[in-house]
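Participant: Take any residue in the sequence shown, note its place counting from 1, add 1283, and you have its number in my numbering. Backbone N, C-alpha and C define an ideal beta-carbon position, used for all residues, glycine too. Since we're looking at a predicted model, the values are computed, not measured.
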Amino acid sequence: SCSCPKPAGCRLARAMYLLVFPNRDYAVGALSGVVASVAAILVMHPIESVKVRLQVGERAGVADEGWLRRMGELLRRPYCGIGPHLFQYSALNSLRFGSFATAKAFFERRHAEASAAAAGGSGHKAAQLLPLHEIFLCGAFSGGCIAAMLHPLWVLKTHQQAQRIGAAEAAAGLWRAEGLRGFFRGYVSGFARFPLALGIFFTAYEALKRLPSSAATSAAAVASAPATSGGGESSSVAVAPSGAASVQELLARAGCGALAGVLCWTSIYPLDVVQSRMLGEAAYGSERVYSSALQSFKHIYRTEGLHSFARGYSAVLLRSGPVNAVLLPVSDAAQPFADRLLPPSDG
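#1: Terminal residues of the continuous alpha helix (DSSP H) containing Pro1478?
#2: To which residues of the same chain is Gln1444 closer than 6 Å at the C-beta, ignoring the five residues directly before and after it?
#3: Which residues in the same chain as Asp1347 place their Cβ atom closer than 6 Å to its Cβ, once the five residues preceding and following it in sequence are excluded?
#4: Taking the C-alpha atoms as reference points, what is the distance between Leu1491 and His1394?
#5: For the segment 1602 to 1615 and the segment 1315 to 1323, state whether three or more C-beta atom pairs, one from each stretch, are separated by less than 8 Å.
#6: Specify, as a first and last residue, the run of the alpha helix (DSSP H) that Ala1384 falls within.
#7: Touching or not, the segment 1587 to 1597 and the segment 1542 to 1553, by the rule of three or more beta carbon pairs under 8 Å?
#8: Would you decide whether Arg1623 is buried or exposed? Buried here means 16 or more other CB atoms lie within 10 Å of its CB.
#9: Should Gly1449 be counted as a contact of the ligand MN given a C-beta to heavy atom distance under 6 Å?
#10: For His1434, is the classification buried or exposed, using 16 other Cβ atoms within 10 angstroms of its Cβ as the cut-off for buried?
#11: Three-state secondary structure (DSSP) at Gly1449?
#12: Residue range of the alpha helix (DSSP H) that Gln1338 falls in?
#13: Under a Cβ-count criterion, where at least 16 other Cβ atoms within 10 Å of its own Cβ denotes burial, should Lys1387 be classed as buried or exposed?
So, in structure tokens, the structure goes:
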């Protein structure tokens, strides 16, 4: 039974972590991910729409119409599909940061137990940074969770953006022509795309933060980052950095986030082109051209050439830098607040 002074609160906390979140580590990461999503989505969506329209081969007008007119056509109805995108991106980052935090906490506890055993169970060992290969595994685990759970939302959003139609129309078209299978177009290829992409994403961000040029500006954040024990209690005291140090740290982490985003997208961009074709294709059933990832690769290469796998890449560079310069630092900043806001898991 619970020995804390508020047993009802403890029961509520246990129910929340059992029914809503897998564990407290996941809850802290998930909440910070949702907060970061709200900050990033308004920056991302118009550029995401341009990227998808370029990837599916859309040509806005003819060459002599001018660059501005063609770009204006690509940006027509730029927030088409923002409803599913907002829901999907919040769900994505809740799952991405929550599952990453869970995997990271698992490795941290394992290292802490090994250190305690080596020290004979006495003394206190300071938290150590995880090796980068374990950060990659945490990111890959996060990517696998996303591929398994969020694919239908990805199909719906891409179908909307490519066809410039509403969520209800896109869902109805997929369901009417292909049934439930329509929402799982390209499902298997997601298990190649997301684990690799997020392994690189989190590893690059962590490695860049550990560079000598970033180490000094990150010292305050390391000191203030909450370390949670199995019961969810914070095992460190937050230390607020000075205003100048905070600004310097924010700029450094924004730069790290931007570079990590560019590296992540560059690593999987050809597969992203293929998935956009598969998920956004207006044809249904047996009329589809892009029916599998391998067949789509062959068809695009044979009919359009190698350069087609880079179509829309400039839009990705324009998007991934600013978006991840916001997303990752905001998530970092939100984690201590989420840790203080959420109740302990066992009272």
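Facilitator: According to the data block:
#1: 1473 to 1492
#2: Ser1332, Val1335, Gly1364
#3: Reliability of the predicted coordinates at Asp1347 is poor, the pLDDT of 47 falling under 50, and no value is obtained from them.
#4: 22 Å
#5: A contact exists between the segment 1602 to 1615 and the segment 1315 to 1323.
#6: Looking at the DSSP string, the run of the alpha helix (DSSP H) that includes Ala1384 is 1365 to 1401.
#7: yes
#8: exposed
#9: For the structure depicted, the ligand MN is absent and the ligand set is empty, with no information on it obtainable.
#10: buried
#11: coil
#12: 1307 to 1338
#13: buried
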